[in-house]
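The numbering of the sequence shown is the numbering used here, which starts it at 539 and goes up by one.
Below you'll find the structure, written out as structure tokens, and then a few comments.
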Amino acid sequence: MDNKPKDPNKKRKLLLHYQLGMILHVNFGIHVLLLLIVNFFVGGITYGLSSRFYPVISLESIEAFIMAIVLFTLIEVFIKGLMVRYLYTYVLMSFGVMFYLSNLLAFWLVDLTIVQVSFLYDSANIFIFTFIFMMIRILFTKYVRGSKWIQGGISHGI
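What follows is the structure, given as structure tokens:
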């Protein structure tokens, strides 16, 4: 049985996706785990900040929060995987706007799916929450991608 990859440029493409910030780790399983952990931290911080200053989301229980973050992460991985696979050129041309829209869609689907999670008052709150979530997550993902103890010595330029 031949274990060579079918695409000889696969490793180079994977490293390019890593360098562009589309993935957190070159190992997909570790990437999803890191993304889930980051999303838990960022979701908690975003919820805490928004509930303190301007409430935009309502969570009825900690279980609803956990389900929402897990579902959001799974939807995000699926949508972004499709986008990177089939809309790669447009993703690069949009400078991340397509990722904002995909996260917006993912949060909207979470809002529709989990009854205990709802964006309060008006529909603009989902835009606000998603924007704050993504800004805070940039800081966390920058740290994860720059940490040699997490990345296992992967050399990259941050």
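Ideal placement from N, C-alpha and C gives every residue a C-beta, glycine not left out.
The structure presented is a predicted model; accordingly, all values stated were derived computationally and were not measured.
Assign Ser-596 to one of three DSSP states: helix, strand, or coil.
strand
Local Cβ density within 10 Å of Phe-667, reported as buried at 16 or more and exposed below that:
buried
In whole angstroms, give me the CA-to-CA distance for Thr-664 and Leu-572.
What sits at residue 664 in the sequence shown is Ile, not Thr. Each residue's Cα considered, the two are about 24 Å apart.
In this structure, does DSSP put Val-704 in helix, strand or coil?
Since the displayed the chain opens at 539 and closes at 696, residue 704 lies outside it and no answer follows.
What does the Cβ neighbour count give for Lys-618, buried or exposed, with the cut at 16 atoms within 10 Å?
buried
So, for Leu-625: in the same chain, excluding its five sequence neighbours on each side, which residues have a beta-carbon less than 8 Å away from its beta-carbon?
Met-636
Using 8 Å as the threshold, is the C-beta distance between Arg-675 and Val-576 below it?
yes
Out of Val-653, Phe-566, Ser-589, Glu-614, which one is the CA nearest neighbour of Tyr-638?
Glu-614
Which same chain residues end up closer than 8 Å to Ser-588 when comparing Cβ atoms and leaving out the 5 residues on each side of it in sequence?
Val-594, Ile-595, Ile-666, Phe-667, Ile-670
Along the alpha helix (DSSP H) that carries Val-682, what are the first and last residues, could you check?
662–684
Quick one, which of Ile-568, Val-648, Phe-591, Tyr-659 has its alpha-carbon nearest Ile-607's?
Val-648
Kindly indicate the opening and closing residues of the alpha helix (DSSP H) around Phe-645.
635–651
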